[in-house]
Amino acid sequence: MEELTDTAILLVSELVANAVKHTNSRVIRVVVTRPDERFVRIGVVDKARILPELAKPSDDLLTNGRGLLLVDALAERWGTDLYRWGKQVWAEVFR
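Residue numbers (the working numbering): -14 to 80.
Structure, rendered in structure tokens:
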């Protein structure tokens, strides 16, 4: 359970950092749900409709663009739900 918690904390940190860096949203909401006992879903909601993209390998990865790569490596699944008013980027961690 401790490993799940550590992973979830890191995912929240990366997803929130992405929203702060790449949107002008004045409000960013973190949503944590547990749809069933098998996994936890972490979502970060903002008002921007710009879809996140995984960085392509380059030298710039030394200082930038690692957030979603880390999310991709740590989460069992992740994705984006696009809404009329913004989006939610989410990641799932299984037990």
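Glycine included, every Cβ here is placed at the ideal spot set by N, Cα and C.
Residues of its chain near residue i, where Cβ-Cβ distance is below 8 angstroms and the 5 sequence neighbours each way are ignored
i	result
Asp57	Leu39 and Trp63
Gly71	Ser10, Val30, Asp31, Lys32, Ala33 and Arg34
Test item: CB-CB of residue i and residue j under 8 angstroms
i	j	result
Ala4	Ile13	yes
Leu0	Val74	yes
Val25	Val(-3)	no
Nearest-angstrom Cα separation, counted from residue j out to residue i
i	j	result
Leu54	Val30	19 angstroms
Leu67	Ala76	14 angstroms
Thr8	Arg69	16 angstroms
Phe79	Thr65	18 angstroms
Leu36	Gly28	14 angstroms
Lys6	Asp21	32 angstroms
Gly52	Lys41	12 angstroms
Three-state secondary structure (DSSP) of residue i
i	result
Ala60	coil
Val5	helix
Glu77	strand
Gly52	helix
Contacts around residue i, its chain only, beta-carbon distance under 6 angstroms, and the 5 residues preceding and following it disregarded
i	result
Val17	Ile27
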